[in-house]
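Take 1 as the starting number for the sequence shown in UniProt numbering and just add one per residue.
C-beta: ideal position from N, C-alpha, C; glycine also.
Read through the structure below, which is laid out as structure tokens, and then see the notes.
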Amino acid sequence: MMLLLLDEMDQLDSRNQEVLYTMFGWSALTDSKVILIGIANSLDLTDRILPRLQARVECKPKLINFKPYSKDQLVEILQARIAKASINSSDGSVIDNIAVQFCARKVAATTGDARKALDVCRRAVELAETDSLGNTQDPKSQKVGIRQISTVINGVYESANLCPQDGDTEQDDTFPLQQKLIVCALLLLCKKHKCHDAALGKLHETYSSICKDRQVPAVSQSEFFSLCQLVEARGIISVKKNKQIRQTKIKLNVQEKDVEFALKGKALLSSILQRGLTK
């Protein structure tokens, strides 16, 4: 018996899905000794990109849904990682326990993704180190507290950060208009086709059409890809690279209703969402 485990299975997504169909076919062969286990972020992955598997009973995969981590589970994971990192620290734990609890509660309330919780802590440590540069006489100033955790979460992961909290301008330094237009275009495509992602080529075409209709200067496809990476750094979208840049998959990481709520206060963006796609 051979157990074949594919982690991040969606990375094998291709135009004809030959690789994935072949692998799933191995376990369906007569007297096959192959057990295939695939791990992916999307539970409906096989339904969306491998529809032919549903036509054959022997090939139809069994789906197991692993629930997001709870607050207590995230606390346990974070504390274990922090304990390892603190072994080489003369100041003990690098993050206050109350800050760990705060981080876990916030992430559990949104995605329950342990990787995001760890990333929040990493960014918070970097922020604390930056803050401590001007205060070298107080080593405790390097310890991460709720302030640093809150700053990272508010600045990167909460959908409310799609728009600034103050003012009413369409263009702002924290989230430029061009990046907001990318999010608008992706949201409209996802709603129209009832999906969670889009190919970069199609997304750029939609974005360009919106810009032309609203008389806003559009950027080239190569610059558009760079902008997508900047939006990804905010945690709003995910970019899955492909050898052909047009086939790069752009996935929306936040709820559609949260995007609409965050952008509805902006006249231009709100009108784009209300009008939808005409083609």
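Open item on the list: In this structure, how does DSSP classify S238 when only helix, strand and coil are distinguished?
Closed with: strand
Task: Residue burial classification, D213 (beta-carbon count within 10 angstroms, cutoff 16) - done: exposed
Task: Residues near Q165 in its chain [Cβ-Cβ closer than 8 Å; skip 5 each side] - done: Only weak support exists for where Q165 lies, its pLDDT of 42 falling under 50; the coordinates are left without a value.
- [ ] Decide if the region 99-109 is in contact with the region 63-72; the criterion is three or more beta carbon pairs, one per stretch, under 8 Å apart.
- [x] yes
TODO: Would you check if the distance between the CB atom of C190 and the CB atom of L252 is smaller than 9 Å?
DONE: yes
Task: Cβ neighbour criterion (16 or more within 10 Å) applied to M2 - done: exposed
TODO: Going by DSSP, name the residue or residues bridged to L6.
DONE: G38
Open item on the list: Suppose you measure from the CA of V94 to the CA of V231; what does that come to, to the nearest Å?
Closed with: 29 Å
TODO: Within its chain, find whatever has a CB closer than 6 Å to the CB of G145; leave out the 5 residues flanking it on each side and keep chain order.
DONE: D96 and A99
- [ ] Using three-state DSSP, classify D197 as helix, strand or coil.
- [x] strand
TODO: Please name the residue, chosen from L200, V125 and S238, that lies closest to Q221 on a Cα-to-Cα basis.
DONE: L200
- [ ] Compare the beta carbon distance of L268 and L177 with 9 Å and say whether it is the shorter of the two.
- [x] yes
Task: Cβ-based burial, D168 [other Cβ within 10 Å; buried from 16] - done: For D168, the pLDDT reaches just 41, beneath the cut-off of 50, and the residue's location in the model is therefore unreliable, although a value from the coordinates is still provided. Burial call: exposed.
Open item on the list: Please return the same chain residues whose Cβ sits closer than 7 Å to the Cβ of A41, not counting the five positions on each side in sequence.
Closed with: The residue you asked about is not Ala; residue 41 is Asn in the sequence shown. For N41, where only same-chain residues beyond five positions count, the Cβ hits under 7 Å are D10.
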